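Contents: one structure, followed by commentary.
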Amino acid sequence: MKFNKKMTAWSLTLASTLLLAACGSDTDTEEAVSSDVAVEETTGSELKDGTYTLVQKNLDDNGWKVDFTMVVEGGKITESNYDYKNEAGELKSEDEGYQTAMVDKVGVGPQDYLPELNEQLVEKQDASEVEVVSGATHSSELFVEYAEQLIAAAKEGNTETIEIDN
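Reading the sequence shown from the start, the letters are residues -21 to -1, 1 to 145 in mature numbering (1 follows the signal peptide of the UniProt record, and there is no 0).
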């Protein structure tokens, strides 16, 4: 009698597991396919030579706004100048007080992460390949988002300044 109960319980467990496995969806394949498409779209078009600029219209809570310029020559990104400006037009990357405060707080400041992000974009030629700088996650993610917009403008040859109403 005990054997029959154990066998029944084991059979039900096995049947349930098989049913759940069969009904589950495989999203890995779909994600991999759409990732490949996104890469092709990003790298498939030739960039048009020019200087492309993106700026935020408003200061953030800390008194800064993004000022991002990307230069394309020979169909390649040759310069990336991502920084922040305050109301006086001073650059965050040159603000020693802000650098010290951020290094003390999170271990990295704008003098560290801004050049790193800019160099990665020029080196990799693809915003989606830029790696997040530890301690500057928000700035890194914003950099990638804005770089993608500048690259899209460069594919069209649209050199009008992109204004972000933040």
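Heads up, the beta-carbon is just placed ideally off N, CA and C, and yes, glycines get one too. Predicted model, so just to flag it, every value in this text is computed and none were measured.
Using only the alpha-carbon positions, how far apart do residue i and residue j sit?
i	j	result
Thr79	Leu70	15 Å
residue 184	Ile130	With the chain covering only -21 through 145, there is no way to say anything about residue 184.
Ala67	Val101	29 Å
Val82	Asn37	25 Å
Phe47	Asp39	15 Å
Gln128	His117	17 Å
Thr140	Leu33	6 Å
Start and end of the alpha helix (DSSP H) containing residue i?
i	result
Asp91	Pro89 to Lys103
Glu75	Glu75 to Val85
Closer than 6 Å by C-beta to residue i: which residues in its own chain qualify, once you throw out the five before and the five after it? Chain order, please.
i	result
Glu58	Val50
Gln99	Val109
Asn65	Gly42 and Trp43
Val123	Ala106 and Val109
Gln35	Lys44, Val45, Ile143 and Asn145
Ala132	Tyr31
Val111	Ser119
residue 164	Since the first residue of the chain shown is -21 and the last is 145, residue 164 is not available in this structure.
Val85	Gly114
Do residue i and residue j have their CB atoms nearer than 8 Å?
i	j	result
Ala126	Val87	no
Pro94	Tyr77	no
Tyr63	Asn97	no
Grab me the residues of residue i's own chain with a C-beta within less than 8 Å of its C-beta, minus the 5 sequence neighbours each way, in chain order.
i	result
Glu52	Asp28
Lys55	Leu26 and Gln104
Lys134	Ser24, Glu25, Leu26 and Lys27
Glu121	Strictly speaking, residue 121 in this sequence is Leu, with Glu absent from that position. If we look at Leu121 and ignore the five residues flanking it on each side, its Cβ neighbours are Val45.
May I ask which residues mark the beginning and end of the beta strand (DSSP E) holding residue i?
i	result
Leu118	The sequence as given places Ser at residue 118; Leu does not occur at that position. It is not in any beta strand (DSSP E) - Ser118 instead sits in the alpha helix (DSSP H) that spans Thr116 to Glu135.
Lys108	It is Glu, not Lys, that sits at residue 108 in the sequence shown. It is not in any beta strand (DSSP E) - Glu108 carries neither H nor E in the DSSP assignment.
Leu33	Gly29 to Gln35
Lys64	Lys55 to Lys64
Glu142	Ile141 to Ile143
Asp46	Lys44 to Glu52
Considering only residues of the same chain and omitting the five flanking positions on each side of residue i, which have a CB-CB separation below 7 Å?
i	result
Gly136	Lys27 and Gly29
Thr138	Gly29, Thr30 and Tyr31
Glu75	none
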